[in-house]
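Asks:
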Amino acid sequence: MLAFDFGTRRIGIAIGNTLLRQARPLSTIDDEKTEPRFARIAALIAEWRPVALVVGLPCNDDGTPHELTALCRRFANRLKGRFDLPTILVDERYTSHAASAALAEQGIRGRKQKPMLDQYAAQQILQAYFDEPSAGLIV
5 MLAFDFGTRR IGIAIGNTLL RQARPLSTID DEKTEPRFAR IAALIAEWRP
55 VALVVGLPCN DDGTPHELTA LCRRFANRLK GRFDLPTILV DERYTSHAAS
105 AALAEQGIRG RKQKPMLDQY AAQQILQAYF DEPSAGLIV
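Mapping of the sequence shown onto this note's numbering: position 12 corresponds to residue 16, and the numbering continues sequentially without gaps.
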């Protein structure tokens with residue numbers, strides 16, 4: 005499985021093993037333009053051949069839609085349309101905080117986290133899905 009932490013500037017990507025139910029950070033796409041983003045995603049899908057895609061869905065702490073919620077839903081719909089793979093939305097509340105804590109445990113703090121934070125957030129999103137698959141919403 006591939007998981008995505010969508011942002012308007014960067015997209016963090018994680019890969020996961022469905023048998024072991026373990027996720028790990030993979031890469032970050034640092035581009036604001038749609039076509040280069042999808043070209044990179046297409047290359048990753050060709051390389052890793054995932055059985056499904058997981059997209060983090062941002063919500064406010066109280067569960068109400070976040071300013072990026074609609075954009076993430078649109079991104080998930082585009083993934084499904086372009087790649088014809090099952091696409092699942094997963095609540096991503098607190099994943100950036102958990103990702104930052106995981107990096108800090110490795111001695112990576114402050115500005116040094118920035119290039120890796122999104123892919124570690126994607127790892128948190130995918131691991132949350134592995135831990136609780138019933139919480140995912142199929143697109």
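By construction, the Cβ of each residue, glycine as well, lies at the ideal position given by its N, Cα and C atoms.
Counting only the same chain and skipping the five closest in sequence on each side, list residues whose C-beta sits under 6 Å from that of residue 57.
Replies: Here the set comprises 6, 83, 89, 91.
Asks: Taking the alpha helix (DSSP H) that residue 81 belongs to, which residues open and close that run?
Replies: Note, residue 81: alpha helix (DSSP H), 73 to 87.
Asks: Among the candidates 142, 119, 95, whose CA atom is the shortest distance from the CA of residue 68?
Replies: Closest option to residue 68, Cα to Cα, is 95.
Asks: Count the other CB atoms within 10 Å of the CB of residue 9; is the residue buried (16 or more) or exposed (fewer)?
Replies: Classification for residue 9: buried.
Asks: Could you name the residues that DSSP lists as bridge partners for residue 21?
Replies: The partner list for residue 21 (beta bridge, DSSP) reads 26.
Asks: Since residue 131 contacts residue 29 with CB under 8 Å, what's their CB separation in whole angstroms?
Replies: Rounded, the Cβ-Cβ distance is 11 Å, inconsistent with contact.
Asks: Helix, strand or coil, according to DSSP, for residue 14 in the structure here?
Replies: Of the three classes helix, strand and coil, the one that applies to residue 14 here is strand, per DSSP.
Asks: When DSSP labels each residue in this structure, what does residue 92 get in the three-state scheme?
Replies: Looking at residue 92 - three-state DSSP - the assignment turns out to be strand.
Asks: Compute the distance between the beta-carbons of residue 12 and residue 36, then report whether it is under 8 Å.
Replies: Cβ distance < 8 Å, so residue 12 and residue 36 count as in contact.
Asks: Contact between the region 105 to 122 and the region 15 to 32: three or more CB pairs below 8 Å?
Replies: As far as the Cβ criterion goes, the region 105 to 122 touches the region 15 to 32, which means the pair count is three or higher.
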